[in-house]
Amino acid sequence: MSPITTTASCSRNLRAIAAPMPCAPPVTSATLPESLPILVSPLRESPACRQPSCPHRQWNRARACRGSGGGVPYIRKNRAARRGGEERAMKLGITTNYTWFGPPVTALAQTIESLGFESMWMGEHPIIPVAAAEAERYGVPLPPNYRHMPALFVSLSAAAAVTSKIRLGTNICLVPQRDPLLLAKEVATLDRISGGRVSFAYGTGWIEEEAPVFGYRFDKRLGRTLDFMRAVQTLWAEGDQGYEGEHISFPPVHCYPKPLQKPLPVLIGSGNDKTDNTKILRRVARTADGWLPSFLSPAQMREQLSLLKEFCAEEGRDFAALDISLIVPAISFGVGDLPPWGAGAYDNLEPVNAKELVAEYAEAGVGRILVGVNDMEDDGAFKALEDVAKGMGLL
């Protein structure tokens, strides 16, 4: 049964949604059908796609692939991840660059929960400079949906109010563009509203034109980000805290509420296979609760996690306790509406058996797969989510 109910007279009215169904039990290999759909795997790259690392290119490729007549790729959980000798169920979530032209975020969140997904993640771009939207140096124009993304924590708060089980994650929060004192309060408040269901993934941002709008130099964004995060986590600690840093300083202040989770999970987001993650992995081992990369193959994840395990040992931290998540693209139905910015492709991905691929990710040490579904406009949003849930074996 579809979690969405619409009237016959208004088939595209997406605001009518039935009460959420209970979340499905964890998926195991025993519950999976023999016939499996296809998932695209990041295995190779053509010279035409060797552009500077930027997350939107993979989404463009995903949409371009829809015009090739290929099958719809989904992922399906088939076994548990093993890390540190412990077997864990693979977590399955949805991540999206949600826009205001899609269904209400409340309906979207209820649907994601009712379909049995473990989590819902949303990204942000508070503004997009016109110069960046038209820049050619990124390889392709920026996706139009980047211009219409609503406020991240307002949206997640709305999602929290109508759900009770799914985790709510940021993918990612652009920390250098935020006031650390307000950010600390917003995240902590969301954690309280949701009953302790927040996962906070952050990054530095990659669109150069954004930086001067927020008053900083693009080449200084890392130092600013790390300083701001230290300030935020200081404010999350018990008591009335002050902070002295290079980019932000303040005397002891009352900053409440504190997060319900102790600690609130902090993940560091990073790029794709064009990114040298060595320094990022050291930072994860030293300061974070998890890592959230994008579009890495099982072999690449295995190699990267082996390195992360070494860094954790150097820091005296338990690698098995880290939240290792990975973003994997999904392509929904619809070939005829491919926009011009999607042309050029998905040619670094190959179709593979979904069951085998997710098994490889699990063996590599991935604990959560976030399926990127960006076609979130009109009733196609719910169809895409339901199709992905079926492909994963949740329905």
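The sequence shown begins at -5 in the numbering used here and counts up one residue at a time. For every residue, glycine included, the Cβ atom is placed at its ideal position computed from N, Cα and C. Bear in mind that the values here come from a model prediction, so they are computed numbers and not experimental data.
Item to check | Anticipated Cβ contact below 8 Å, L379 with I106, distance rounded | outcome: 6 Å
Item to check | Selected residue, minimal CA-CA separation from A293, among F194, E357, R218 and S188 | outcome: Selected option, being the one with the closest Cα: E357.
Checklist entry - Taking the alpha carbon of R186 as the point to measure from, which residue in W230, R211 and G265 has its own alpha carbon closest? => result Nearest option by C-alpha distance: W230.
Next on the checklist: Taking the alpha carbon of G190 as the reference point, which residue from G197, A182 and E128 has its own alpha carbon closest?
Outcome noted: A182
Item to check | Classification of E164 by the beta-carbon crowding that lies within 10 angstroms, buried from 16 upward | outcome: Position check: residue 164 holds Thr in this sequence, whereas Glu was assumed. Label assigned to T164: buried.
Next on the checklist: If I follow the unbroken alpha helix (DSSP H) through R277, where does it start and stop?
Outcome noted: T272 to T281
Item to check | Proximity to A155 [Cα-Cα], best of L175, F147 and T100 | outcome: Minimum Cα distance to A155 is reached at T100.
Checklist entry - Between which two residues does the alpha helix (DSSP H) carrying M223 extend? => result First-last of the alpha helix (DSSP H) with M223: R215 to W230.
Item to check | Backbone secondary structure at C48 - three-state DSSP | outcome: With a pLDDT of only 45 at C48, under the threshold of 50, the placement of this residue in the model should not be trusted, and no figure is reported.
Item to check | Delimiting residues of the beta strand (DSSP E) encompassing D317 | outcome: D317 to P323
Checklist entry - Per DSSP, R296 is paired with what? => result R296 pairs with nothing; no bridge assigned.
Next on the checklist: From the DSSP secondary-structure annotation, give me the bridge partner or partners of Q235.
Outcome noted: V247
Item to check | Under 9 Å between C-beta atoms of G265 and W200 | outcome: yes
Next on the checklist: Taking the alpha-carbon of V226 as reference, which of Y210, E180 and R211 has the nearest alpha-carbon?
Outcome noted: Cα-wise, what sits closest to V226 is E180.
Checklist entry - Residue range of the beta strand (DSSP E) that V367 falls in? => result Per DSSP, V367 lies in no beta strand (DSSP E) and is assigned neither H nor E.
Checklist entry - When you compare each of K252, A103, P245 and L388 to K159 by their alpha carbons, which one comes out closest? => result A103
Item to check | beta strand (DSSP E) runs wholly inside the stretch 119 to 207, at least 3 long, in chain order | outcome: 161 to 168 and 192 to 197, all fully within the stretch 119 to 207.
Next on the checklist: Helix, strand or coil for C43? Go by DSSP, reduced to three states.
Outcome noted: In this prediction, C43 has a pLDDT of 36, which is less than 50 and means its spatial position is unreliable; nothing more can be read from the coordinates.
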